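The opening residue of the sequence shown carries number 314 in the numbering used here; numbering runs sequentially from there.
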Amino acid sequence: MTPEVVHERFAQYLKDQDLDGLGSLFGEDAMFVPGPGQEPVYGRESIKEALKSYLASPSTIEMGATSVHQNGDLAMVQVSWRITSESGTVEGKSVEVMRRTTEGDWVFVIENPYGV
Numbered sequence: 314m315t316p317e318v319v320h321e322r323f324a325q326y327l328k329d330q331d332l333d334g335l336g337s338l339f340g341e342d343a344m345f346v347p348g349p350g351q352e353p354v355y356g357r358e359s360i361k362e363a364l365k366s367y368l369a370s371p372s373t374i375e376m377g378a379t380s381v382h383q384n385g386d387l388a389m390v391q392v393s394w395r396i397t398s399e400s401g402t403v404e405g406k407s408v409e410v411m412r413r414t415t416e417g418d419w420v421f422v423i424e425n426p427y428g429v
């Protein structure tokens with residue numbers, strides 16, 4: 314599994330409105346920045362709470378890594394993304410740090426979707 318697979322799973326979980334699935338993509342001690350100028354939230358359960366707004370209306374996300382730098386079990390990733398919903402389209406560039414788990418999956422350790 315590569316770090317980019319996390320993006321495929323994120324897109325599918327968002328489309329399916331699967332909050333638990335989205336939460337599974339974050340490490341227990343992860344940090345997530347919910348929006349520009351907002352304070353980060355820490356821990357999987359708090360992140361799931363912050364992600365609820367992403368599920369407020371059906372939406373799809375297109376995302377692709379523009380840069381992946383892997384060092385052992387850590388990866389720094391830059392991603393361009395676009396979310397389309399009934400409310401319109403929002404796009405941005407994300408900065409992410411991921412960690413490979415002992416099972417071989419990758420999870421977000423730091424996710425800043427508005428970081429670039």
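Cβ coordinates follow ideal geometry from the N, Cα and C atoms, glycine included.
Values in this document were obtained by computation on a predicted structure and should not be read as measured data.
Would DSSP call residue i helix, strand or coil?
{"i": "Ala363", "result": "helix"}
{"i": "Gln391", "result": "strand"}
{"i": "Glu358", "result": "helix"}
If you follow the beta strand (DSSP E) that residue i is in, where does it begin and where does it stop?
{"i": "Leu338", "result": "Unbroken run through Leu338: none, as it is neither H nor E."}
{"i": "Val381", "result": "Ser372 to Asn384"}
{"i": "Thr402", "result": "Gly401 to Arg413"}
{"i": "Glu424", "result": "Trp419 to Asn425"}
Of all the options the options, which has the alpha carbon lying nearest to the alpha carbon of residue i?
{"i": "Gln391", "options": "Thr402, Glu399, Lys406 and Gln383", "result": "Lys406"}
{"i": "Ile396", "options": "Leu368, Thr415 and His382", "result": "Leu368"}
{"i": "Val381", "options": "Ala363, Met411 and Ile374", "result": "Met411"}
{"i": "Leu327", "options": "Asp342, Gly348, Pro316 and Ser366", "result": "Ser366"}
{"i": "Ala324", "options": "Leu338, Ile374, Ala388 and Thr414", "result": "Ile374"}
{"i": "Thr414", "options": "Gly340, Tyr427 and Ala363", "result": "Gly340"}
Report back the beta-carbon spacing between residue i and residue j to the nearest angstrom; my notes put them in contact at under 8 Å.
{"i": "Ser370", "j": "Glu399", "result": "5 Å"}
{"i": "Phe345", "j": "Glu424", "result": "5 Å"}
{"i": "Ser393", "j": "Met376", "result": "7 Å"}
{"i": "Val354", "j": "Trp419", "result": "Between Trp419 and Val354 the Cβ distance is about 20 Å, and since that is not below 8 Å, they are no contact."}
{"i": "Gly336", "j": "Lys361", "result": "4 Å"}
With residue i as the anchor, note down where its alpha helix (DSSP H) starts and where it stops.
{"i": "Val317", "result": "It should be pointed out that residue 317 corresponds to Glu in this sequence rather than to Val. Run containing Glu317: Glu317 to Lys328, per the alpha helix (DSSP H) assignment."}
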